[in-house]
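These notes are about the structure you will find just below.
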Amino acid sequence: MLLADITEQTREISIIDVKIKARTKGKIVHVLLTLFCYSFFMASLALPVLAEEKKEISVTAKKDKTASQKASKNKETLPKKIKVVPPIALTEQHKKDLQHYINNEQVKPLLAGPDSYLTLIKKHTNVNNKGVALLLPDWQQGATNPKAINFLRNALPNEGWTTITVQPNTKPEGYPSNALLLEDQ
Numbered sequence: 024m025l026l027a028d029i030t031e032q033t034r035e036i037s038i039i040d041v042k043i044k045a046r047t048k049g050k051i052v053h054v055l056l057t058l059f060c061y062s063f064f065m066a067s068l069a070l071p072v073l074a075e076e077k078k079e080i081s082v083t084a085k086k087d088k089t090a091s092q093k094a095s096k097n098k099e100t101l102p103k104k105i106k107v108v109p110p111i112a113l114t115e116q117h118k119k120d121l122q123h124y125i126n127n128e129q130v131k132p133l134l135a136g137p138d139s140y141l142t143l144i145k146k147h148t149n150v151n152n153k154g155v156a157l158l159l160p161d162w163q164q165g166a167t168n169p170k171a172i173n174f175l176r177n178a179l180p181n182e183g184w185t186t187i188t189v190q191p192n193t194k195p196e197g198y199p200s201n202a203l204l205l206e207d208q
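The opening residue of the sequence shown carries number 24 in my numbering; numbering runs sequentially from there.
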């Protein structure tokens, strides 16, 4: 049906074009009228496409409406308060990072009474064994702190030292003490 309409319109345009040529002697008027007729022809071609787009828009609008209705139903069923999980402690994060990123051969747990400490042991790589270097980072610092500890942990084994780096636990409460007298401490 659409193809028949198009062929009929092209015939009408060609008939109008012949009539214009016969009536007008100027070329400019002929060109303008021809462009005017072709613009109507192109507009008639675009109408079915626009109609299909309107149908698609209405279908998507219906889908959006049903989706928004479902979302509003879901909002009604959700609990009103959301439980927020607090972040893990910094020392626990350091321990998990060490266990994840460092080779399992180097990471060893150390039990001292009820407390557990994570140690990093790196053996000497030189022929001459010079001994053991025990490295203790500052409170709330990682055992692989890039400022000094990690450099020593990696450089000393090349010189013949075995390094043991201990990951400290959290800083004790009241350390360092602000009390002036020994009795108050």
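Beta carbons: idealized from backbone N, C-alpha and C, even for Gly.
Check whether the Cβ atoms of residue i and residue j lie closer than 8 angstroms to each other.
i             : j              : result
threonine 142 : lysine 131     : yes
arginine 176  : threonine 186  : yes
proline 191   : isoleucine 172 : no
threonine 167 : leucine 121    : yes
How about residue i: is its Cβ closer than 7 angstroms to a heavy atom in the ligand ADP?
i           : result
proline 195 : The model on display carries no ligand, and the ligand ADP is accordingly not part of it.
Let me make sure I understand the geometry here. Which of the options has the alpha-carbon closest to that of residue i?
i              : options                           : result
leucine 179    : Leu113, Gln190, Tyr140 and Asn151 : Asn151
histidine 147  : Pro110, Gln122 and Glu182         : Glu182
asparagine 145 : Glu206, Pro199, Gly197 and Val189 : The displayed chain sequence assigns lysine, not asparagine, to residue 145. Lysine 145 has its Cα closest to that of Val189, out of Glu206, Pro199, Gly197 and Val189.
glycine 165    : Tyr124, Glu31, Ala156 and Leu58   : Tyr124
What residues in its chain sit with their C-beta under 8 angstroms from that of residue i, if we drop five residues either side in the sequence?
i          : result
serine 139 : Pro132 and Leu133
Can you tell me the Cβ-Cβ gap for residue i and residue j, rounded? I've got them flagged as a contact below 8 angstroms.
i          : j             : result
lysine 194 : glutamine 163 : 6 angstroms
Only counting the same chain, and skipping five residues up and downstream in sequence, which positions put a Cβ closer than 7 angstroms to that of residue i?
i              : result
glutamate 206  : none
asparagine 126 : none
Can you tell me which residues form a DSSP beta bridge with residue i?
i             : result
glutamine 190 : Leu141
threonine 185 : Val155
lysine 119    : Paired residues: none, contrary to the question.
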